[in-house]
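Note sheet for the following structure.
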Amino acid sequence: MALRGNEKVYIQVSDDISRPETFKREYEPFLKIRDAYPKMILACTRHRTYDYEGIRIHNLPDWLLGRE
442 MALRGNEKVY IQVSDDISRP ETFKREYEPF LKIRDAYPKM ILACTRHRTY DYEGIRIHNL
502 PDWLLGRE
């Protein structure tokens with residue numbers, strides 16, 4: 442979780458989420474959180490940003506370089 446002032450966001454970072462079991466391991470804890478704060482996974486996906494069950498999945502290099 443990251444905080445800045447009143448802003449709160451949940452962030453999970455992973456190198457590679459291409460295997461289904463790894464992806465599941467990374468997103469499943471977010472599904473148990475019942476508040477409405479944003480949730481994101483940062484990983485080397487080589488894909489554009491997409492949503493999965495309300496969780497934003499970002500390609501880590503693009504996110505770090507502000508290309509999204």
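Note that this note's numbering has the sequence shown beginning at 442, numbered continuously upward. Glycine is no exception: its CB is placed at the ideal position from the N, C-alpha and C atoms. All values reported here derive from a predicted model rather than from experimental measurement.
- Shown here, Lys-473 sits in coil according to DSSP, grouped into three states, outside any helix or strand.
- For Asp-492, the enclosing beta strand (DSSP E) starts and ends at 491–493.
- In the DSSP secondary-structure assignment, Tyr-451 is bridged to Lys-480.
- Setting aside the 5 residues that flank it on each side, Ile-474 is surrounded in the same chain by Tyr-451, Lys-480, each with a C-beta closer than 8 Å to its C-beta; the list follows chain order.
- Here Leu-483 is buried, its C-beta having at least 16 other C-beta atoms within 10 Å.
- Shown here, Leu-444 sits in a strand according to DSSP, grouped into three states.
- The alpha carbon of Asp-503 has as its nearest neighbour, out of Asp-492, Thr-486, Leu-444, the alpha carbon of Thr-486.
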